[in-house]
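In what follows, a structure is listed as structure tokens, so that the remarks can point back to it.
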Amino acid sequence: MTTRDLQKTEELISTADFCARTASQIRMWPARKAIADTQAVSKSVRFLEDALSGGKFVAASYGDGIAGATASLDPLTWAADLKFKTTQPATNTRVTEAEYKELVEFLDKMRGTLCALQNDQEPNPSENDLVSAAEFFSNLGQIIGAKADSAIRRPESGSALIFEQSSTS
Amino acid sequence: MTPTQLKRVLLHASFELDRLNAALNHLRAYDFPSRVADELIDDIIELNREATTSLEQIAADAELDSVGAGERAVAEYRKIMSRRRHLQVLENAKSDDVPWSLVPSIETLAASILPDRKVLITTTPDMNYMVSWSSDDSDPIVTIYLPKLHRANAFLHVLIAHELFHPRVEEFVTEAAKLVLPKLKKKCKELLESAEGPTDLFSQQRLDTLLSYAENQWKQGIRECMCDMGAIALFGPAALWTLSGFASTQNLDAIPNHENQFYPPWRLRIKRAYEYLVECDNGKPTIDELTKNLVDGNFEIHANELIRNLEAEEVVFKDQPTPATSGDGLTQIVYAEMEEAIESSREFIRDIASNLEDRWSKTASQIPSLLGRLALGVPPTEVFSGDARNAEPGSTSAIIVTCWIERIALEKSGKLDLRSYRKLCRLMLKALEDSELKREFSTWANEVK
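So the sequence lines, in the order shown, correspond to chains A and B. Residues 3 to 171 in my numbering are what the first sequence spells out, letter by letter. Residues 813 to 1261 in my numbering are what the second sequence spells out, letter by letter.
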């Protein structure tokens, strides 16, 4: 285990958590017409903004490049893992610039939907947009959650030792 | 997730919370070297209280959103499970488990490097030093991990200085990475478009993953080198020798990759650390003056060994290839970009170091006097200038460098074996503890006057 392991694991757990919470808020919105978990939705909006920033940077042709304004490319790669896996099962297949632009548009749409809910904007997002956004965050939460699970449950992460100690009490 | 499964998950999570709280309250009974452990216990119990509320809300929302309830329950359980590691952290932070005499000195150091944070010292079964902290400002606790078996190995604990700099250098790493990304992107595109494609990465074919790989490699490289520089700024040659000694048990030229979390090769780290030592913060003049003072104080062997052991470190990296020249494909590209950022990264560390009154370049004048104490076989706690009652407590950096210089002199004379080494470690720890106590007493005495 290293310093990076510790930091990365916390980040994965937190991201998987707010994705699951956001997906649930979106699903419940048609009935409640309000966002109760504003913290999770705010974090998801920030996540999308980071992913968008990264996506625009990667998608832009060289020479027109926007300097990466995001703290990390992880939000983009996680979102891209999800998006491209659903359209391209093989992860070692090249992704074209057009496909990156499509990803950017998709992420922008997700952000628009969330911001509309967050700010109670009119007109409300359509049912299709809500289903799409809920599915995105739900699936993203599961992918990132799986990464977090393998980090937590590795023997060197310490959880095996702790389990041994706890089992005697 | 079916309603039955959800109920089982919620019950399982509640049971875990209950046991976690019981274990935390049990830990309160132990003795810890500082109050930070109690504060961490309070923080986790508060988080567990919030988790209980969340689980209740999840159960209430299940009727409206059964899918989301299941996912939220799993995510909440994952958070609870991740807090289990704090049990081990606290168990290993007891006074009996950490070098408790060192804790006050570390806390004082940490207060100057990380002013808004509190430090908890714990041990780990790994042969490693690590640090964890939250990017959330509401959680100020920084946890430093030391290798459990080396609790009494005072010389190795110099590496704590490296760990303390990790939270500080993140702001530089994050901002500097934004500037280097366009250059990395250009190179990654060229690599993808070349006939051979990238050869050193699990067949990464997406530009975003290749770029992310390059970004992580760059960030980790600069991050670790900067923390090494921070340790050098504080403890000078002692930090260099400790880093080098730690590195000597490992492959000096391991290429940074996914499997080793992109840690830069040790040979390069020693090079950067050495360069900081002699080129920054008055390093070379301080070394020269110290050498002269040691000779004047009849510590000629120590003076010679100081110079000889610094030259020995230079041999480790001089005329040796670096990842920028010898790494594979992308590594060469990334490390060439890292070279460009070295000067600004050094400046960042210099700025932080300029506020550290206890850094070695400011306290090196104490070393000959402290060596005099070691020559008598007593802890190098105080700097005597004639009046024993008003002897100044030795600074942490001066004590550490003093003990290292004594160590290398003993190595030269063939007198350093396991027994004498352990004795020297005990003398160092005692000196660090006593000098810290004396400083606290002096501060209190002045306030009372």
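The C-beta atom is built at its ideal place from N, Cα and C for all residues, glycine as well. Bear in mind the structure is a predicted one, so any value in this text is a computation, not a measurement.
Assign residue i to one of three DSSP states: helix, strand, or coil.
i                  : result
Tyr1096 of chain B : For the record, residue 1096 of chain B in the displayed sequence is Lys; it is not Tyr. Helix.
Thr955 of chain B  : strand
Leu932 of chain B  : strand
Glu124 of chain A  : coil
Met942 of chain B  : strand
Glu875 of chain B  : coil
Val97 of chain A   : coil
Pro1068 of chain B : coil
Val992 of chain B  : helix
Glu107 of chain A  : helix
Pro1180 of chain B : helix
Val133 of chain A  : helix
Val1195 of chain B : strand
Pro800 of chain B  : In the structure displayed, chain B extends from 813 to 1261; residue 800 of chain B sits before or after that span and is not available.
Pro1205 of chain B : strand
Gly67 of chain A   : Note that Gly67 of chain A scores 49 on pLDDT, short of 50, meaning its location in the model is unreliable; the coordinates nonetheless yield the value given after this. Note: Gly67 of chain A maps to coil in three-state DSSP.
Pro815 of chain B  : helix
Met3 of chain A    : coil
Ile1154 of chain B : helix
Glu851 of chain B  : helix
Ser1 of chain A    : Look at the range of chain A in this structure, 3 to 171, and you will see that residue 1 of chain A is not part of it.
Ser894 of chain B  : helix
Ser1060 of chain B : coil
Ser1225 of chain B : coil
Pro979 of chain B  : helix
Lys1001 of chain B : helix
Lys1130 of chain B : coil
Where residue i and residue j are concerned, what is the direct C-alpha to C-alpha distance, given to the nearest angstrom?
i                  : j                  : result
Glu1125 of chain B : Met939 of chain B  : 23 angstroms
Cys1237 of chain B : Cys1215 of chain B : 8 angstroms
Ile130 of chain A  : Leu119 of chain A  : For the record, residue 130 of chain A in the displayed sequence is Asn; it is not Ile. Roughly 14 angstroms between the two C-alpha positions.
Ser140 of chain A  : Ile1082 of chain B : 46 angstroms
Lys995 of chain B  : Ile1161 of chain B : 24 angstroms
Glu104 of chain A  : Thr40 of chain A   : 28 angstroms
Glu799 of chain B  : Met1041 of chain B : Since the first and last residues shown for chain B are 813 and 1261, residue 799 of chain B lies out of range.
Phe1129 of chain B : Tyr1086 of chain B : 10 angstroms
Arg1079 of chain B : Leu1064 of chain B : 5 angstroms
Phe1111 of chain B : Leu1118 of chain B : 11 angstroms
Leu832 of chain B  : His838 of chain B  : 10 angstroms
Val804 of chain B  : Glu919 of chain B  : Nothing in the structure corresponds to residue 804 of chain B, since chain B is present only between 813 and 1261.
Ser1181 of chain B : Pro845 of chain B  : 30 angstroms
Asp850 of chain B  : Val1213 of chain B : 33 angstroms
Applying a beta-carbon distance threshold of less than 9 angstroms, which residues of chain A neighbour residue i?
i                  : result
Asn833 of chain B  : What Asn833 of chain B touches in chain A: nothing, since even the nearest Cβ is about 13 angstroms away.
Gln1073 of chain B : Thr4, Thr5, Arg6, Asp7 and Lys10
Thr986 of chain B  : Ala73 and Ser74
Asn837 of chain B  : Those do not exist, as Asn837 of chain B stays about 12 angstroms from chain A at its closest Cβ, beyond 9 angstroms.
Asn765 of chain B  : Nothing in the structure corresponds to residue 765 of chain B, since chain B is present only between 813 and 1261.
Gln800 of chain B  : This structure cannot settle anything about residue 800 of chain B, because the visible part of chain B is limited to 813 through 1261.
Glu1149 of chain B : In chain order: nothing, as chain A lies at least about 13 angstroms away.
For residue i and residue j, which I take to be in contact (beta-carbon distance under 8 angstroms), what is that distance rounded to the nearest angstrom?
i                  : j                  : result
Leu852 of chain B  : Leu914 of chain B  : Actually they do not touch by this definition, with Cβ atoms about 19 angstroms apart.
Met1038 of chain B : Ser1157 of chain B : 5 angstroms
Ile1211 of chain B : Asp1140 of chain B : Between Asp1140 of chain B and Ile1211 of chain B the Cβ distance is about 44 angstroms, and since that is not below 8 angstroms, they are no contact.
Leu1106 of chain B : Leu1003 of chain B : Not a contact, Cβ separation roughly 52 angstroms.
List the residues of chain B that residue i touches, going by C-beta distances under 9 angstroms, in chain order.
i                 : result
Met30 of chain A  : Asp873, Leu876, Asp877 and Gly880
Phe59 of chain A  : Leu993, Pro994, Lys997 and Leu1023
Gln120 of chain A : What Gln120 of chain A touches in chain B: nothing, since even the nearest Cβ is about 17 angstroms away.
Arg113 of chain A : Residues of chain B passing the Cβ test: none, with the nearest at roughly 18 angstroms.
In chain B, which residues lie less than 8 angstroms from residue i when you measure between Cβ atoms?
i                 : result
Val97 of chain A  : Gln1017, Arg1018, Leu1019 and Asp1020
Ala33 of chain A  : Leu876
Ala100 of chain A : Ordered by position in chain B, no residue passes the 8 angstroms Cβ test against Ala100 of chain A, which lies about 13 angstroms from the chain.
Leu151 of chain A : Rather than Leu, the amino acid found at residue 151 of chain A in this sequence is Asp. The answer, in chain order, is Arg890.
Kindly list, in the order they appear in chain A, the residues whose Cβ is closer than 8 angstroms to that of residue i.
i                 : result
Ser944 of chain B : Thr5, Leu8, Gln9 and Glu12
Asn940 of chain B : Met3 and Thr4
Along chain B, which residues have their Cβ under 7 angstroms away from the Cβ of residue i?
i                : result
Leu75 of chain A : Asp1020, Leu1023, Ser1024 and Glu1027
Ile15 of chain A : Arg890, Lys891 and Ser894
Leu78 of chain A : Asp1020
Which chain A residues sit within Cβ distance under 7 angstroms of residue i?
i                  : result
Asn1094 of chain B : Ordered by position in chain A, no residue passes the 7 angstroms Cβ test against Asn1094 of chain B, which lies about 30 angstroms from the chain.
His978 of chain B  : Thr5
Arg963 of chain B  : Chain A residues near Arg963 of chain B: none, gap ~17 angstroms exceeds 7 angstroms.
Inset, instruction - Determine, using beta-carbon pairs with one atom in the segment 941-960 of chain B and one in the segment 974-984 of chain B, whether at least three such pairs fall under 8 angstroms. - result: yes
Inset, instruction - Indicate whether the contact test is met: 3 or more Cβ pairs, each with one atom in the segment 15-23 of chain A and one in the segment 886-906 of chain B, closer than 8 angstroms. - result: yes
Legend entry - Interface positions of the segment 889-909 of chain B facing chain D (Cβ-Cβ less than 8 angstroms), listed along the chain: No chain D appears in this structure, whose protein chains are A and B.
Inset, instruction - Tell me, please, whether the segment 1168-1186 of chain B touches the segment 1141-1155 of chain B by the rule of three or more beta-carbon pairs shorter than 8 angstroms. - result: no
Legend entry - Contact between the segment 858-876 of chain B and the segment 813-822 of chain B (3+ Cβ pairs under 8 angstroms): yes
Legend entry - Cβ contact (3+ pairs, closer than 8 angstroms) linking the segment 1241-1250 of chain B and the segment 1201-1209 of chain B: yes
Inset, instruction - Assess, as a yes-or-no matter, whether the segment 1018-1032 of chain B is touched by the segment 1094-1106 of chain B under the definition of 3 or more beta carbon pairs within less than 8 angstroms. - result: no
Legend entry - At least 3 beta-carbon pairs within less than 8 angstroms: the segment 931-948 of chain B vs the segment 956-966 of chain B: yes
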